[in-house]
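Undergrad: Below: one structure in structure tokens.
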Amino acid sequence: MSLKDIIAPFSVWKRVFEKPYTNKKPIDTRPGAPRYRGFHVNDLDTCIGCGTCEEICQNAAIDMVPVRETRHGDSGLRPKMDYGRCCWCALCVDICPSGSLGMSNEYLWVDEDPEVFRFIPGHDEKSWNDSELGYRRAEGYDLLEGNRVPMPMLSVEESQKSFVEMVQGYSKEQAKAEADRCIACGICVATCPAHMRVPEYIKAIRDDDMVEGLRIVYQANPLPASCGRVCSHACEYVCAMNHKGEAISIRWLKRYIVDQIYLGDYAKILHEREPDNGKKVAIIGSGPGGLSAAYYLRLLGYAVTIYDANEKAGGMLRYGIPEYRLPYDQVEKDIEFIASLGVEFRQNTRIGVDVDFLEVYGHNDAVFFSTGLSDPFGLEIAGEDLPGVVSGLDLLADVTNGKTPDIGSSVVVVGGGNVAMDAARTSRRYGAQVTILYRRREADMPADSEEIHEARGEGCEIVVQAIPLRIEKGEHTRLKLYWGKAEMVSDGPGKRPRPVLIEGSEEMIACDTVIPAIGQAGDFTFLPQDIASRLVVKRGQVEVDEFHRTSVDKIYAGGDIANPKRDAISAIANGHSAAKGIDIYLGNFQD
36 MSLKDIIAPF SVWKRVFEKP YTNKKPIDTR PGAPRYRGFH VNDLDTCIGC GTCEEICQNA
96 AIDMVPVRET RHGDSGLRPK MDYGRCCWCA LCVDICPSGS LGMSNEYLWV DEDPEVFRFI
156 PGHDEKSWND SELGYRRAEG YDLLEGNRVP MPMLSVEESQ KSFVEMVQGY SKEQAKAEAD
216 RCIACGICVA TCPAHMRVPE YIKAIRDDDM VEGLRIVYQA NPLPASCGRV CSHACEYVCA
276 MNHKGEAISI RWLKRYIVDQ IYLGDYAKIL HEREPDNGKK VAIIGSGPGG LSAAYYLRLL
336 GYAVTIYDAN EKAGGMLRYG IPEYRLPYDQ VEKDIEFIAS LGVEFRQNTR IGVDVDFLEV
396 YGHNDAVFFS TGLSDPFGLE IAGEDLPGVV SGLDLLADVT NGKTPDIGSS VVVVGGGNVA
456 MDAARTSRRY GAQVTILYRR READMPADSE EIHEARGEGC EIVVQAIPLR IEKGEHTRLK
516 LYWGKAEMVS DGPGKRPRPV LIEGSEEMIA CDTVIPAIGQ AGDFTFLPQD IASRLVVKRG
576 QVEVDEFHRT SVDKIYAGGD IANPKRDAIS AIANGHSAAK GIDIYLGNFQ D
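With my numbering as the guide, the letters of the sequence shown map in order to residues 36 to 626.
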């Protein structure tokens, strides 16, 4: 040991006569640093209750508890912190998709009751609730991948040359990469009309277990090959990852699972049906609602017969959606498996014409009808009965039936929904120049945003705030469509603006074909007057209860004719609910 080592301890005595660094009032005069990790704060309006913070917490210091009412995109749950467990690592803040969770720079909290240190940030009154200081996730610092894996698609130039499917589908590597983005919060499940177990089938993709994925999908959706292509994917609009960038491609991942498994292998994978129970159910309409009801009823042991007026089953899936969006072989894949279970299909059979409704009613223990909206609305303007005016649904059905439509070289489509976009894009594939007229703003268009984007990309001109006035015979083209510009007039808070014609704004488009596609109504003519008069119909829709039972004994209804959402996945959910309702009605239900 050196002399320096011996003397060193005595050197501190020189500090005795210096001013001390002791803080006499540390609570009052020592605030936390500006980015100190202190007590948690949470913006309750921004928080969506996804539970990602609870999942990542390594100390089980967070519980999700009910604070608000559940609504689309918000579970109503909020994080409750336990400061007996929290280590202030801030992983919960770093992972939060919505960015609602943070930490104030306050760190002093004195109380004799240990229970008070379990609290709900943002909900319980605390002095730091509005603190802007403290720790927040840094800009550009992400534990989650915000960008979705791009879907391979045909180019616009290629797609409009044929009816080949535009969306090519994910590869295994792409699907697993997209599945890895899912945080499994389950908010999508509540929003999905069929309440599909989305996080579970996405996990099956991560685990490369397509067999389990198919089982999970079929528990709530017996038309996944079709729905995986044309689902309205409301689940993606509420996906927690929207707050970080782009939603998970839930629809495409569902499609990926189905695309990996051959139809011939389905019987070995999916549920075995119950033994026949001796009871019969008739289904009128072979669209998604009817097919769904048939599938679940057949699993329960019912003898099921589907009656449909068209040559082939599928309803609007086949006759209302072009093949470049939904290939016919994918519709067939879904239908063939349902048929393989023993469901009987009677196509080219129109109830009320080929078979009397009362005969069907009398020979079955229950009847479910899901006949869709097949009667197109007219424009209610002069000249719409002229040759060259054809509804969007008729055009799409003709193409499905193999007919080449006589549309000429110029087409005007009137409407802003998916049928209008499909009719316009179909017309482009037959070489026509297409103009789409819509009476409201583009933001008001009911069509899927991707359909609008793709229609414009394929060369369709979209003219908004345009009101059709009359149709006349043309000189150099088959028709002339006169239209006027509209201004949007407010109808008060909470209501969308109303289009009002601007006087003197009339314009004309010379064209060969006008295609109205402004909506459809249901056709109830297949029902006898006695039964039709006992149904409760409001605004063109049959009123039903939670199990889709109508006001007439043993008659159930679903799909577009009884559901304002008017999309495939809602019709599928309706069919499932009706199957449960019929099973309860006939006394076979077991919880």
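All C-beta atoms in this analysis are idealised placements derived from N, C-alpha and C, irrespective of residue type, glycine included.
Please classify residue 270: is it buried, with 16 or more other beta-carbons within 10 angstroms of its beta-carbon, or exposed?
TA: Residue burial annotation: residue 270 is buried, with at least 16 other C-beta atoms found within 10 angstroms of its C-beta.
Undergrad: Let me make sure I understand the geometry here. Which of 168, 147, 114, 295 has the alpha-carbon closest to that of residue 157?
TA: 114
Undergrad: Should residue 228 and residue 608 be called a contact, given that it needs their Cβ atoms to be closer than 9 Å?
TA: yes
Undergrad: Starting from residue 451, trace the beta strand (DSSP E) in both directions and tell me its first and last residue.
TA: Here residue 451 belongs to no beta strand (DSSP E), and DSSP marks it neither H nor E.
Undergrad: Of all Cβ atoms in chain D, is any one closer than 9 Å to the Cβ of residue 278?
TA: Looking for chain D here will not work: only one protein chain is present.
Undergrad: How is residue 546 classed by DSSP in three states: helix, strand or coil?
TA: strand
Undergrad: Since I believe residue 498 is in contact with residue 470 (beta carbons under 8 Å), could you give me their beta-carbon distance rounded to a whole number of angstroms?
TA: 6 Å
Undergrad: Report all residues from its chain with a CB closer than 7 Å to the CB of residue 178; omit the five preceding and five following residues, and keep chain order.
TA: 129, 130
Undergrad: By how many angstroms is the C-alpha of residue 260 removed from the C-alpha of residue 309?
TA: 24 Å
Undergrad: Whose CA, out of 208, 230, 70, lies closest to the CA of residue 140?
TA: 70
Undergrad: Secondary structure at residue 259, three-state DSSP: helix, strand or coil?
TA: The answer is helix: DSSP assigns residue 259 an H, G or I state.
Undergrad: Please classify residue 560: is it buried, with 16 or more other beta-carbons within 10 angstroms of its beta-carbon, or exposed?
TA: Exposed, since its Cβ has fewer than 16 Cβ neighbours within 10 Å.
Undergrad: Nearest CA to the CA of residue 571: which residue from 587, 581, 74?
TA: That would be 587, whose Cα lies nearest to the Cα of residue 571.
Undergrad: Using 9 Å as the threshold, is the C-beta distance between residue 421 and residue 506 below it?
TA: yes
Undergrad: Could you check which residue in 427, 78, 295, 232 has the C-alpha nearest to that of residue 555?
TA: Minimum Cα distance to residue 555 is reached at 427.
Undergrad: List the whole-angstrom C-beta distance separating residue 74 from residue 138, where the pair is believed to meet the contact cut-off of C-beta under 8 Å.
TA: 7 Å
Undergrad: What does a CB cutoff of less than 7 Å around residue 404 pick up in its chain, not counting 5 residues either side in sequence?
TA: 319, 320, 592
Undergrad: For residue 373, which residues in the same chain have their Cβ closer than 7 Å to its Cβ, ignoring the five residues on either side in sequence?
TA: Answer for residue 373: 257, 326, 329, 330, listed in chain order.
Undergrad: Return the chain-ordered ranges of every alpha helix (DSSP H) run that is complete within the stretch 148 to 194 and spans a minimum of 4 residues.
TA: 191 to 194
Undergrad: Classify residue 176: buried if its beta carbon has 16 or more other beta carbons within 10 angstroms, exposed otherwise.
TA: exposed
Undergrad: Beta-carbon separation of residue 245 and residue 239 under 9 Å?
TA: Yes.
Undergrad: Which stretch, first to last residue, makes up the alpha helix (DSSP H) that contains residue 398?
TA: Membership of residue 398 in the alpha helix (DSSP H) is indicated by the continuous run 392 to 398.
Undergrad: Would you identify the three-state DSSP class for residue 480, choosing helix, strand or coil?
TA: coil
Undergrad: Alpha carbon to alpha carbon, how far is residue 272 from residue 564?
TA: 42 Å
Undergrad: From the DSSP output, which residues share a beta bridge with residue 144?
TA: Beta-bridge pairing links residue 144 to no other residue.
Undergrad: How is residue 71 classed by DSSP in three states: helix, strand or coil?
TA: coil
Undergrad: Which residue wins for smallest C-alpha separation from residue 408, given the options 601, 106, 219, 90?
TA: Answer by Cα proximity: 601.
Undergrad: Whole angstroms are fine: how far does the CA of residue 479 sit from the CA of residue 448?
TA: 17 Å
Undergrad: Would residue 52 be called buried (16 or more neighbouring beta carbons within 10 Å of its own) or exposed?
TA: Around the beta carbon of residue 52, fewer than 16 other beta carbons lie within 10 angstroms, which makes this residue exposed.
Undergrad: What are the start and end residues of the beta strand (DSSP E) that includes residue 536?
TA: First-last of the beta strand (DSSP E) with residue 536: 533 to 536.
Undergrad: Which whole-angstrom value describes the C-beta separation of residue 386 and residue 380, a residue pair presumed to lie in contact below a C-beta threshold of 8 Å?
TA: Not confirmed; about 14 Å, so no contact.
Undergrad: Can you give me the C-alpha to C-alpha distance between residue 174 and residue 529, rounded to a whole angstrom?
TA: 35 Å
Undergrad: Would you check if the stretch 100 to 117 and the stretch 200 to 217 touch, i.e. whether three or more CB-CB distances between them fall below 8 Å?
TA: no
Undergrad: Would a C-beta distance cut-off of 9 Å place residue 219 and residue 184 closer than the cut-off?
TA: no
Undergrad: Within 10 angstroms of its Cβ, does residue 68 collect 16 or more other Cβ (buried), or is it exposed?
TA: exposed
Undergrad: Between the Cα of residue 98 and those of 116, 402, 344, 54, spot the shortest distance and give me the residue it belongs to.
TA: 116
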